[in-house]
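Trainee: Just dropping this structure here.
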Ligand SMILES: [Zn+2]
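In this note's numbering, the protein residues as written are 8 to 179.
Below, the structure is given as structure tokens:
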């Protein structure tokens with residue numbers, strides 16, 4: 008029993024590590040930090056205004072840079088064709104054409120919808136060096152970008168909270 012628990016613990020630990028700190032030595036990849044410049048967001052609201060339009064959970068992730076629990080988001084396994092917009096402001100962020108199954112428990116994309124979709128900034132919280140992804144329009148927190156994406160595509164993995172996204176299915 009003891010060994011079983013230890014084994015499970017090791018698996019979970021290695022999963023967490025592989026999702027959160029993938030080959031972090033290569034994280035200076037210029038591609039990862041494109042659109043790095045922090046500009047003034049087009050959409051600006053007071054914290055009270057954000058709280059009025061977002062649920063408590065949405066506010067925590069989008070405005071306080073929280074993270075939804077792995078494998079709990081509604082878009083993690085979604086394969087439908089369509090676009091993913093910012094839950095806070097409606098800005099186009101990602102499309103289903105670059106979505107893939109990373110196995111990490113959050114929706115993953117290997118590219119952004121277009122050059123004005125997101126901005127990125129360095130994130131040193133929790134003793135890790137990561138690159139945070141924010142909506143370019145309202146600077147709400149979306150997730151992080153890593154360099155362990157599909158090598159036959161961009162090599163990037165945009166690991167995004169479902170709760171930060173609003174999916175609209177393509178009309179057939
Ligand atoms: Zn936004």
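Quick reminder that beta carbons are idealized off the backbone N, C-alpha and C, glycines included.
(1) On the three-state DSSP scale, how would you describe residue 69?
(2) Excluding five sequence neighbours on each side, which residues of the same chain lie with their C-beta closer than 6 angstroms to the C-beta of residue 72?
(3) In the DSSP assignment, find the beta strand (DSSP E) that holds residue 54 and state where it starts and stops.
(4) In angstroms with no decimal places, state the Cα-to-Cα distance between residue 28 and residue 78.
(5) Residues around ligand 1, please: the condition is that the C-beta lies closer than 6 angstroms to some non-hydrogen atom of it.
(6) Residue 119 to residue 101, Cα distance in whole Å?
(7) Classify residue 88 as buried or exposed, calling it buried when 16 or more other Cβ atoms lie within 10 Å of its own Cβ.
(8) In whole angstroms, give me the CA-to-CA distance for residue 166 and residue 60.
Mentor: Taking the geometry as given:
(1) Start at 1 with the first residue of the chain shown, and residue 69 comes out as number 62. If DSSP states are grouped into helix, strand and coil, residue 69 belongs with the helices.
(2) Position 65 of the chain shown holds residue 72. The residues are 148.
(3) Stepping through the chain shown from its first residue, residue 54 is reached at position 47. Premise fails: residue 54 lies in the alpha helix (DSSP H), 54–60, not in any beta strand (DSSP E).
(4) One-based indexing of the chain shown puts residue 28 at position 21. One-based indexing of the chain shown puts residue 78 at position 71. Unreliable placement is indicated for residue 28, whose pLDDT of 44 sits below 50; no coordinate value is reported for it.
(5) 93, 95, 96, 98, 142, 144, 145 and 147
(6) Counted from its first residue, the chain shown places residue 119 at position 112. Counted from its first residue, the chain shown places residue 101 at position 94. Looking at the two C-alpha atoms, the distance is approximately 5 angstroms.
(7) Mapped onto the chain shown, residue 88 falls at position 81. Classification for residue 88: exposed.
(8) Against the chain shown, residue 166 aligns to sequence position 159. Against the chain shown, residue 60 aligns to sequence position 53. Going from the Cα of residue 166 to the Cα of residue 60 covers about 24 angstroms.
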